[in-house]
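The structure appears below as structure tokens.
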Amino acid sequence: MALKPLAPLLRGYHVVLASASPRRREILDLAGVVFDVIPSHFSEVPPPEHLLRPQDLVIANAKGKALDVGMRLSQALDFPFLALPTSSCLADPETQHLIIGADTIVAMEGQIMGKPCDREDALRMLTRLNGREHSVITGVAIILTGGAGTRDAEVVVVFHEETLVTFSKLSDELVQEHVEGGEPWDKAGGYGLQARGGAIMAEAVRGDPLNAAGLPLNRLCRELGRRLLPSGPGQEVESQT
Numbered sequence: 210m211a212l213k214p215l216a217p218l219l220r221g222y223h224v225v226l227a228s229a230s231p232r233r234r235e236i237l238d239l240a241g242v243v244f245d246v247i248p249s250h251f252s253e254v255p256p257p258e259h260l261l262r263p264q265d266l267v268i269a270n271a272k273g274k275a276l277d278v279g280m281r282l283s284q285a286l287d288f289p290f291l292a293l294p295t296s297s298c299l300a301d302p303e304t305q306h307l308i309i310g311a312d313t314i315v316a317m318e319g320q321i322m323g324k325p326c327d328r329e330d331a332l333r334m335l336t337r338l339n340g341r342e343h344s345v346i347t348g349v350a351i352i353l354t355g356g357a358g359t360r361d362a363e364v365v366v367v368f369h370e371e372t373l374v375t376f377s378k379l380s381d382e383l384v385q386e387h388v389e390g391g392e393p394w395d396k397a398g399g400y401g402l403q404a405r406g407g408a409i410m411a412e413a414v415r416g417d418p419l420n421a422a423g424l425p426l427n428r429l430c431r432e433l434g435r436r437l438l439p440s441g442p443g444q445e446v447e448s449q450t
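In this note's numbering, the protein residues as written are 210 to 450.
The structure is reproduced here in structure tokens:
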């Protein structure tokens, strides 16, 4: 299927990004889509490396985030005082909400790296990534809820995308400067490809760079086109390609 413009495809849906990430918001803005941001309250699954593959972990977290927001949107019909964005869509039981959840991690040799919890954790992650290739994996879940008087959530599609990033050999001074600058704290692996430190440290990128920034926009457009046109949404599908 040829790639379609995203904005016309989503006309008629109330699009919600279930993330507080400013980077994901900036990426979705690039598509020219009108959307609300409702950060999820979902508690991300700790990475039990012996139980979950990195791909399974990000998909589980993405689905949890999207379903959490879907539940809160349904509750807003009964409890309008809930702290949600002001929108006429929320008061209309016929509105169909399309909710996008995403989760990103860094992985190398089976080890999962989320957001560092402190300075030492950030130093440990960056030291391990120093001069080496690693994977940045983003899981995405798209759900539909509301419309035609129903509040049940339907998972339309889930998928993951992987980008390979190679760091240059980094001096201790550069790593220390990066950590002391405060950039690692809200980023998987302790860096963001689109931020100053990540842009300097990354020597090579194979795959979608926007995926490494938190949302694979090209893949998102393709999956939405595949599921919403021409026959409409169906059963949950996970694509591994």
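Yeah, the Cβ is synthetic: ideal placement off N, Cα and C, and Gly gets one too.
In angstroms, rounded to a whole number, what distance separates the CA positions of residue i and residue j?
{"i": "T304", "j": "P263", "result": "35 angstroms"}
{"i": "L219", "j": "D361", "result": "20 angstroms"}
{"i": "V345", "j": "N339", "result": "15 angstroms"}
{"i": "P214", "j": "F251", "result": "31 angstroms"}
{"i": "R232", "j": "P425", "result": "11 angstroms"}
{"i": "P325", "j": "G398", "result": "7 angstroms"}
{"i": "I352", "j": "D381", "result": "44 angstroms"}
{"i": "Y400", "j": "D265", "result": "22 angstroms"}
{"i": "R341", "j": "E386", "result": "19 angstroms"}
{"i": "A350", "j": "G221", "result": "19 angstroms"}
{"i": "H306", "j": "A271", "result": "16 angstroms"}
{"i": "I308", "j": "G423", "result": "16 angstroms"}
{"i": "G310", "j": "Q320", "result": "23 angstroms"}
{"i": "D245", "j": "M280", "result": "16 angstroms"}
{"i": "M410", "j": "A229", "result": "25 angstroms"}
My understanding is that residue i touches residue j, with C-beta atoms under 8 angstroms, so please give their C-beta distance in whole angstroms.
{"i": "H369", "j": "I268", "result": "6 angstroms"}
{"i": "L335", "j": "V384", "result": "5 angstroms"}
{"i": "R431", "j": "L212", "result": "6 angstroms"}
If you drop the 5 nearest sequence neighbours on each side, which residues of the same chain put their C-beta closer than 8 angstroms to that of residue i?
{"i": "P418", "result": "T372, L402, Q403"}
{"i": "A408", "result": "L402"}
Please name the residue, chosen from the options, that lies closest to residue i on a Cα-to-Cα basis.
{"i": "R328", "options": "P217, L226, V388, M410", "result": "V388"}
{"i": "R415", "options": "L429, E318, L307, V374", "result": "V374"}
{"i": "E412", "options": "T354, S377, G406", "result": "S377"}
{"i": "A316", "options": "H343, G310, V364", "result": "H343"}
{"i": "E253", "options": "L438, M280, T313", "result": "T313"}
{"i": "V318", "options": "S230, R337, R234, V246", "result": "Just to set this straight, residue 318 is Glu in the shown sequence, not Val. Measuring from the Cα of E318, the nearest candidate turns out to be R337."}
{"i": "V225", "options": "C430, L282, R431, T347", "result": "L282"}
{"i": "G406", "options": "N420, G390, A421", "result": "G390"}
{"i": "L437", "options": "V243, E363, M322, Q284", "result": "E363"}
{"i": "A421", "options": "R428, T347, L433, T354", "result": "T347"}
May I ask which residues mark the beginning and end of the beta strand (DSSP E) holding residue i?
{"i": "G348", "result": "342-355"}
{"i": "G310", "result": "305-317"}
{"i": "H369", "result": "362-376"}
{"i": "R415", "result": "411-415"}
{"i": "I321", "result": "320-322"}
{"i": "L226", "result": "222-226"}
{"i": "D245", "result": "244-246"}
What is the residue span of the alpha helix (DSSP H) that residue i lies within?
{"i": "D381", "result": "381-389"}
{"i": "A421", "result": "418-422"}
{"i": "A331", "result": "328-338"}
Looking only at its chain, what residues have a beta carbon closer than 7 angstroms to the beta carbon of residue i, apart from the 5 residues adjacent to it on each side?
{"i": "D395", "result": "K324"}
{"i": "R333", "result": "none"}
Tell me which same chain residues have a C-beta within less than 6 angstroms of the C-beta of residue i, skipping the five on either side of it?
{"i": "G241", "result": "A216"}
{"i": "A331", "result": "P325, V388, P393, G399"}
{"i": "S249", "result": "A227, K274, D277, V278"}
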